[in-house]
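First the structure, in the form of structure tokens, and then the observations on it.
Protein chains: 2
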Amino acid sequence: MAAPQTIAIVGAGLVGSGWALVFARAGFRVKAYDPAPEVRAGILPWARESLADLAEVGLVSDAEAILARISVHDDLAAAVAGAVYVQESVFETVAAKTEVSLALDAVIGPQTIVGSSSSGIPASQFTEGCRQRARFMIAHPVNPPHLVPVVEIVPAPWTAPEAVAQVVDLMRAVEQAPVRLTREIDGFVLNRLQGVLLNEAWALYEDGIASLADIDATLSQGLGLRWAFMGPFETIDLNAPGGIADYAARLRGLYAGMLRPARGPWPDAVIARATDERRASLPAADLAQRRAWRDAKLSRLVAFKKSQGLSA
Amino acid sequence: MAAPQTIAIVGAGLVGSGWALVFARAGFRVKAYDPAPEVRAGILPWARESLADLAEVGLVSDAEAILARISVHDDLAAAVAGAVYVQESVFETVAAKTEVSLALDAVIGPQTIVGSSSSGIPASQFTEGCRQRARFMIAHPVNPPHLVPVVEIVPAPWTAPEAVAQVVDLMRAVEQAPVRLTREIDGFVLNRLQGVLLNEAWALYEDGIASLADIDATLSQGLGLRWAFMGPFETIDLNAPGGIADYAARLRGLYAGMLRPARGPWPDAVIARATDERRASLPAADLAQRRAWRDAKLSRLVAFKKSQGLSA
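Top line first, the protein sequences correspond to chains F and B.
Numbers in the working numbering are just positions in the first sequence, counted from 1, shifted up by 250.
Numbers in the working numbering are just positions in the second sequence, counted from 1, shifted up by 250.
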């Protein structure tokens, strides 16, 4: 039996630590690095606690073995040595991403591939100066990556197609859901889709059409039920007798008629009004507790989807 | 103990029949009418089969009692007699909606309220001529209403606020999730949110950024997991340390930067390409089977949400 391959985690805050779980859970050896000692000290305790949460909903059964596959390193070169893949999740500024990419470029092996967790900055903005830039790309997760499977794989213009294909295969092997973009675009796919929906939601709220809670309910008690296991195209394909072409023929005029000119950024006064409305239903002091509630519900939903064959 | 109140279902195709289940399940007496004998003949057999499906996932326990509360009528006036509320779900054209509204206006009692299942035509386009138009409005469900809780309540300019409040209360009483719009707007809230997301998804596909399946996965394995139990505003409120205002301050510039000029209706050539791609993964002959799969998964998701306290 071959020894497990090694994955390096560079930048081990919440996103990087979640990635450590993803790879260790799938049987990889994980070497985690962060420049901050206090962040390094938190990795294994957090992983232990998160694995207990996953075990509670039946998502893992061998927490100790998973934990034993994760090691923490105080040296970048040591963490990366022997790694087939590096998941980089440092602070999201061009300066920080450029610095870490150049540092990685100096220490990775000639086959090692680097994926950045960047949610918005494309790889072309921070990997141009890397000698091995053909093996750098974006691998953008949703937080927390050990619960939400989607990962956007976005090549820079100089990223090698074979490297992209290898990362797609790797992500499938660890049961994430890779989404492959053919080229860079602002916001990638996921945040563009979230963005248009948010912009329309804010516009409806600004115009006084409905309350925040009611706009939220159109998703949480409506559209979101299907979108939790089918995307928008499959949804419309099944929503007309003749499939997607039939749906488009019937409804594209309606949807085109709803389009309105793009508005600018959400206005301060509207944000202030929304804040008052949210804080009336959820005081600021309760935000942390509600986040724990969200994570608990999310993990149970993920376990439910797995039980139904609806996972990646 | 008071006798149960009566609800009339007018137009009893799939949407109307689903509504019959919603009200009967909650203890109301339901009188269903449809002008077509073959539609009338199908109501009770369909309800029996659907109740068996609901019982299988634990969503109802007294299918026979629910069924016994539904009666079918071949006369509009008889169906509506004594009803506190009429849910109208006839074919969605201005002509059909106008005809049925005038017919209802002639036979309803002086307290009866009428909600139309119209998904796009506002009530002002078909109730202006009704003497009792102050008690007519839109109550737009998502199909099937006995599984998806959301209902958009949209008043015409002449709808009485007290009538709106009564329908909101009624919908809550039958465990639907009423979303209250202050006034009419094209597409209401739900289809506007769906529409902007669809338009962006089609644009990304048209531009060759990603495949249909990959765009779908950004929702089904990503955004949709949260939206299945939290709307977009609660999502962003929990996604920044300081809540919604903090999130908006950090990211409104990013989202404003992604806005692009609205495009026209989805082009024929793009629809043709999408059709080929969908039919390669799901042949037209398998559409019906996949719809049954969707409904089975949807009912299990609804049961899961109920078990987790995430229902309306």
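By construction, the Cβ of each residue, glycine as well, lies at the ideal position given by its N, Cα and C atoms.
Which residues bound the alpha helix (DSSP H) around residue i?
| i | result |
| --- | --- |
| B:Gly365 | No alpha helix (DSSP H) contains B:Gly365, which is instead part of the beta strand (DSSP E) from 363 to 366. |
| F:Thr468 | 462 to 468 |
| F:Ala274 | 264 to 275 |
Does the beta-carbon of residue i have 16 or more other beta-carbons within 10 angstroms, so that it is buried, or is it exposed?
| i | result |
| --- | --- |
| F:Gln382 | buried |
| F:Pro360 | exposed |
| B:Thr409 | buried |
| B:Pro407 | exposed |
| B:Ala270 | buried |
| F:Val344 | exposed |
| B:Glu402 | buried |
| F:Glu306 | exposed |
| B:Gln539 | exposed |
| B:Gly379 | exposed |
| B:Ala291 | exposed |
| F:Asn441 | buried |
| B:Pro295 | exposed |
| F:Arg476 | buried |
| F:Arg550 | buried |
| B:Arg422 | exposed |
| F:Glu349 | exposed |
| F:Asn393 | exposed |
| F:Ala274 | buried |
| F:Phe341 | exposed |
| F:Ala329 | buried |
| B:Asp284 | buried |
For residue i, does the three-state DSSP call read helix, strand or coil?
| i | result |
| --- | --- |
| B:Ile388 | strand |
| B:Ile358 | coil |
| B:Ala302 | helix |
| F:Arg381 | coil |
| F:Ala546 | helix |
| F:Ala453 | helix |
| F:Val289 | helix |
| B:Val439 | coil |
| B:Ala562 | coil |
| F:Gly458 | coil |
| F:Ser557 | helix |
| B:Ala353 | helix |
| B:Ala253 | coil |
Mind listing the chain B neighbours of residue i? Cutoff is C-beta to C-beta under 8 Å, in chain order.
| i | result |
| --- | --- |
| F:Arg442 | Glu450, Leu454, Met508 |
| F:Glu306 | Those do not exist, as F:Glu306 stays about 14 Å from chain B at its closest Cβ, beyond 8 Å. |
| F:Val344 | Simply none; closest approach about 14 Å. |
| F:Gly370 | Leu504 |
| F:Leu488 | Leu537, Arg540, Arg541, Arg544 |
| F:Pro511 | Pro511, Ala512 |
When you measure from the CB of residue i to every non-hydrogen atom of the ligand FAD, does any distance come out below 7 Å?
| i | result |
| --- | --- |
| B:Ala286 | Inclusion of the ligand FAD in the displayed structure is not the case, the ligand content being empty and no account of it being possible. |
Using a C-beta to C-beta distance shorter than 7 Å, which residues of chain F count as neighbours of residue i?
| i | result |
| --- | --- |
| B:Tyr505 | Gly445, Leu448, Asn449 |
| B:Asp436 | Gly507, Met508 |
| B:Thr377 | Correct list: empty, because the minimum Cβ distance to chain F is about 20 Å. |
| B:Trp516 | Ala498, Arg502 |
How would you list, in chain order, the residues of chain B whose beta-carbon sits under 9 Å from the beta-carbon of residue i?
| i | result |
| --- | --- |
| F:Ile358 | Chain B residues near F:Ile358: none, gap ~28 Å exceeds 9 Å. |
Just the chain F side, please: which residues come within less than 8 Å of residue i by C-beta, in chain order?
| i | result |
| --- | --- |
| B:Trp477 | Leu469, Ser470, Leu473, Gly474, Trp477, Ala478 |
| B:Ile388 | Ordered by position in chain F, no residue passes the 8 Å Cβ test against B:Ile388, which lies about 13 Å from the chain. |
Beta strand (DSSP E) containing residue i: first to last residue?
| i | result |
| --- | --- |
| B:Ala282 | 279 to 283 |
| B:Ala373 | Element bounds for B:Ala373: n/a, residue is neither H nor E. |
| B:Ala258 | 256 to 260 |
Closer than 7 Å by beta-carbon distance: list the chain B residues that pair up with residue i, in chain order.
| i | result |
| --- | --- |
| F:Gln558 | Lys547, Arg550 |
| F:Ala495 | Ile521, Thr525 |
| F:Asp464 | Val429, Arg430 |
| F:Glu484 | Asp466 |
| F:Ala530 | Here the premise fails: no neighbours, minimum Cβ distance about 12 Å. |
| F:Phe554 | Phe554 |
| F:Ala562 | Gln471 |
| F:Arg298 | Correct list: empty, because the minimum Cβ distance to chain B is about 24 Å. |
Let me know the alpha helix (DSSP H) ranges lying completely inside the region 470 to 537 of chain B, each 4 residues or longer, listed in chain order. The region 470 to 537 of chain B contains these whole alpha helix (DSSP H) runs: 474 to 477, 482 to 487, 494 to 508, 518 to 531.
For the region 302 to 351 of chain B, list the alpha helix (DSSP H) runs that are entirely contained and at least 4 residues long, ordered along the chain. The DSSP assignment places 313 to 318, 326 to 330 as complete runs of the alpha helix (DSSP H) inside the region 302 to 351 of chain B, in order along the chain (cut-off: 4 residues).
Entirely enclosed beta strand (DSSP E) segments - the region 384 to 436 of chain F, minimum 3 residues: Inside the region 384 to 436 of chain F, DSSP marks whole beta strand (DSSP E) runs of 3 or more residues at positions 386 to 391, 400 to 405, 427 to 430, from first to last along the chain.
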